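Read top to bottom, the protein sequences are chains A and R. My numbering puts the first sequence at residues 114 to 214. My numbering puts the second sequence at residues 16 to 391. To keep things clear, I will list the structure first and then write my remarks on it.
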Amino acid sequence: MISNLILQFNSFELLILFAIALVFFFILLTDIKKQGKRMMLINPEIKVQLICKECGFKEIRDFREGDYISKEPDEKCEKCGGEKYIDIIYSIVKQEKTRQS
Amino acid sequence: MIDMTLQIIDDFNIIIQTLYILLFIVLIFFGQRIQFHLSLMEVGGVLRHLAFLKDTAIKMTIDELKKYSTDKDLNKRFERLLNSFMIMPEAADPSGIVKKIEHIVNIREARFLDDLKRLITSEIEESKVRNLSNMVEATMALNIIYKIIQHYYLLAKKTKNFFIMAQLQMIVPLIFNEAKSYLQALNAFKLGTPIGDSIGPLIVHKFIQHSDTKTIEYKKEYVKDTDVYVVERNGRIFYVIKASGPGGNVGKPGEAIKKVINSLKKKNEKIAGIIMIDAALKLEGEKTGEVAEGVGAAIGGIGVEKFKIEEIATKNKVPLYAIIIKQSLMEAITTIKKEIADTISDAINRVDRISNEELPEGNIILAGIGNTIGVP
Ligand SMILES: [Zn+2]
Chain A
114 MISNLILQFN SFELLILFAI ALVFFFILLT DIKKQGKRMM LINPEIKVQL
164 ICKECGFKEI RDFREGDYIS KEPDEKCEKC GGEKYIDIIY SIVKQEKTRQ
214 S
Chain R
16 MIDMTLQIID DFNIIIQTLY ILLFIVLIFF GQRIQFHLSL MEVGGVLRHL
66 AFLKDTAIKM TIDELKKYST DKDLNKRFER LLNSFMIMPE AADPSGIVKK
116 IEHIVNIREA RFLDDLKRLI TSEIEESKVR NLSNMVEATM ALNIIYKIIQ
166 HYYLLAKKTK NFFIMAQLQM IVPLIFNEAK SYLQALNAFK LGTPIGDSIG
216 PLIVHKFIQH SDTKTIEYKK EYVKDTDVYV VERNGRIFYV IKASGPGGNV
266 GKPGEAIKKV INSLKKKNEK IAGIIMIDAA LKLEGEKTGE VAEGVGAAIG
316 GIGVEKFKIE EIATKNKVPL YAIIIKQSLM EAITTIKKEI ADTISDAINR
366 VDRISNEELP EGNIILAGIG NTIGVP
């Protein structure tokens, strides 16, 4: 009876020790994962907003090499066929909810 | 049976206790050494990542250069460019040091660009050369970061100096973020998109293009790499200064402001004030794209242009106003974020308010400070 109790108690203690070790192990694992994420490079999406000179119609498309602000590319307005110019170029980074880079 | 189990448990407990005590002894005498090796491993890991970033940057830049060059010695020439350096003038006798710095910086810039142009064999636009030179400079920054971290890492390893290693371990996460920013910047320079730092030139460009603004005169290359637009808005005359775009270039706004003020003084015209618009580093926790107003010369860099602006403004008692757009280092050197680009109209409204309410009669100088990549 008594020995059984001691045995039980001992295995219980061991169990706690194991549990603590496991928790630490997982903390370490997530830490390594986080670090891996920090090492990752994110390529942002680059967008271009074009505005029609005639009717002011706005259009957003992907960036193409050679684009710059106020450039007038050979693209016609979908609404009126007028000439367009690049109003603004910007990037959107898909960010995670909480963590900041 | 029970007795034997008890005996085993007793033995087990003794072993555990001895191990505990041994562990304490080991930690007391060898704790620092263990810590040192852990730090060594961590810093070594970051160093390997830094080497990867640096190699990626070098590869990207060489690949881009190869598009415009058939030079057989391209790799060799590029390496020479990568390892070029600039020695700052002696500061023990600081009088007139800014002139000396300016001289050295000018030589360096000219030589750097000439070297790059010699490397390029096909006909390309000036703006593309500028973007390439920006790429090489970002690669140089990465190369230097890697070399310095490697230096301290090897030094600490060689001398088994725990305190060098501890300092290194504290600083490498920050350095790594910076290095990552430089690699991302390379992409922006390659494509020629505006970057966060371009917000100054971008705002003044939009100011000139604004429907209420009338351009009176456009002086291209008013001083080296810098344009001046004389415009009228709300009945006031603005001398708008920005670097010549759309290539990556910061121009010489200090020199331009000096020349404008001197020429206005010659014509006996009044100068109401100087308004400078620039990107500024935000503190952690501050919002990207926050606009703030203040006084003083809002310009970064090596200090030559800032010195010139402050000197000429002080000499002529011209008030200096600053509008800054806050962003992180990463945001400042990578493709402009939407939050930053959205500040344009706010900044223009602030220029209008300052010019209408605060500045006395006279001509206003408006300078957009920063790299004008992607902004003509
Ligand atoms: Zn249209």
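Beta carbons: idealized from backbone N, C-alpha and C, even for Gly. All values reported here derive from a predicted model rather than from experimental measurement.
Three or more beta-carbon pairs drawn from the segment 256-266 of chain R and the segment 207-219 of chain R are found closer than 8 Å, and the two stretches are therefore classed as touching. The count of Cβ pairs closer than 8 Å, one atom from the segment 195-208 of chain A and one from the segment 159-170 of chain A, reaches three, so the stretches are in contact. If you draw a straight line from the Cα of Cys-190 (chain A) to the Cα of Phe-170 (chain A), it comes to about 8 Å. Using a CB distance cut-off of 8 Å, Val-136 (chain A) does not count as an interface residue toward chain R. Among the residues of the segment 172-201 of chain A, those with a Cβ less than 8 Å away from any Cβ of chain R are Phe-176, Glu-178, Gly-179, Asp-180, Tyr-181, Ile-182, Ser-183, Lys-184, Ile-201, in the order of the chain. At a threshold of 7 Å, Glu-167 (chain A) counts as near ligand 1, since its beta carbon sits closer than that to one of the ligand's heavy atoms. When 7 Å is used as the limit between beta carbons, Ile-205 (chain A) is near these residues of chain R: Lys-353, in chain order. Counting only Cβ-Cβ distances below 8 Å, Ile-159 (chain A) has contacts in chain R at Leu-206, Thr-208, Thr-350, in chain order. Residues of chain A whose Cβ lies closer than 8 Å to the Cβ of His-220 (chain R) are, in chain order, Ile-182, Ser-183. Scanning its chain for C-beta atoms nearer than 6 Å, with the 5 sequence neighbours on each side dropped, one finds around Ala-203 (chain R) the residues Ile-210, Thr-349, Thr-350, in chain order. If you look at Thr-350 (chain R), you'll find it isn't in any beta strand (DSSP E); DSSP assigns it neither H nor E. Residue contact check for Pro-268 (chain R) against chain A: no CB pair falls below 8 Å. The C-alpha of Ala-171 (chain R) lies about 16 Å from the C-alpha of Arg-63 (chain R).
For Leu-157 (chain R), no beta strand (DSSP E) run applies; the uninterrupted alpha helix (DSSP H) run containing it begins and ends at 141-174, by DSSP. In this structure, Lys-192 (chain A) has its CB closer than 7 Å to one or more heavy atoms of ligand 1. Taking every protein chain shown into account, the CB of Phe-27 (chain R) has fewer than 16 other CB atoms within 10 angstroms, so this residue is exposed.
Counting C-beta pairs with one atom in each stretch, the segment 48-62 of chain R and the segment 99-111 of chain R have fewer than three that are closer than 8 Å, which means they do not touch.
Taking the Cβ of Gly-195 (chain A) as the reference point, at least one heavy atom of ligand 1 falls within a distance shorter than 7 Å. At a cut-off of 7 Å, the beta-carbon of Phe-176 (chain A) does not count as near ligand 1: no heavy atom of the ligand is closer than that. When C-alpha distances from Gln-199 (chain R) are compared across R:Met-345, R:Ile-379, R:Glu-354, the shortest belongs to R:Met-345. Chain A places no beta carbon closer than 8 Å to that of Leu-37 (chain R), leaving this residue out of the contacts. In the three-state reduction of the DSSP assignment, Thr-208 (chain R) falls in the coil class, being assigned neither a helical nor a strand state.
Close to chain A, meaning a Cβ-Cβ distance shorter than 9 Å, are the following residues of the segment 286-311 of chain R: Glu-299. In this structure, Ile-359 (chain R) keeps its C-beta atom at 8 Å or more from the C-beta atom of Leu-128 (chain R). A direct Cα-to-Cα measurement between Leu-135 (chain A) and Leu-127 (chain A) gives close to 12 Å. Inclusion of Phe-170 (chain A) in the 7 Å shell around ligand 1 follows from its C-beta lying nearer than that to a non-hydrogen atom of the ligand. No Cβ of chain A is located within less than 8 Å of the beta carbon of Ala-156 (chain R).
His-220, Lys-221, Gln-224: these are the residues of the segment 220-236 of chain R whose beta carbon lies less than 9 Å from some beta carbon of chain A, given in chain order.
In summary, Gly-111 (chain R) is exposed, with fewer than 16 beta-carbon neighbours lying within 10 Å of its beta-carbon over all protein chains present. Closest option to Ile-276 (chain R), judged by alpha-carbon separation, among R:Ala-382, R:Glu-299, R:Met-180: R:Ala-382. With its beta carbon at least 8 Å from every one in chain A, Gly-315 (chain R) lies outside the interface. If you look at Glu-325 (chain R), you'll find it in the alpha helix (DSSP H) that goes 319-330. If one requires a minimum length of 4 residues, the alpha helix (DSSP H) runs lying completely within the segment 245-329 of chain R are 268-281, in chain order.
Using beta-carbon distances, Asn-202 (chain R) counts as an interface residue toward chain A, with a partner under 8 Å.
Within the segment 126-150 of chain R, contact with chain A at the beta-carbon level (separation under 7 Å) is assigned to no residue. Around the Cβ of Leu-37 (chain R), a 10 Å sphere holds fewer than 16 other Cβ atoms; the residue is exposed.
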